[in-house]
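Student: Residue numbers (my numbering): 96 to 168.
For glycine and all other residues, C-beta sits at the position ideal for the given N, C-alpha and C.
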């Protein structure tokens, strides 16, 4: 089920060495997969924290085991 969540998160894709910082538009867990749509996104290289690019919206669909989610406070 898709639930709109009004919070900012860091979403790290450990296999692709990327961290996405943005506001959650939608979040769906299905079996072993997570589908997340983020708004107002900044993308960083995880290993160096170097800024790579920004985008108004990004959709990520990956295995749960490849992703780490952290709330931004």
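For residue 138, count neighbouring C-beta atoms within 10 Å of its own C-beta (all shown protein chains included) and say buried if the count is 16 or more, exposed if not.
Tutor: So residue 138 counts as buried.
Student: When you compare only the Cα positions, how much space is there between residue 117 and residue 151?
Tutor: When rounded, the distance between both Cα atoms is 9 Å.
Student: Quick check on the DSSP output: the beta strand (DSSP E) that includes residue 137 runs from which residue to which?
Tutor: That run of the beta strand (DSSP E) goes 128-140.
Student: By how many angstroms is the C-alpha of residue 126 removed from the C-alpha of residue 168?
Tutor: So the alpha carbons of these two residues sit roughly 29 Å apart.
Student: Go to residue 113, then tell me how far its beta strand (DSSP E) extends in each direction, as first and last residue.
Tutor: Where residue 113 is concerned, the enclosing beta strand (DSSP E) stretches over 113-125.
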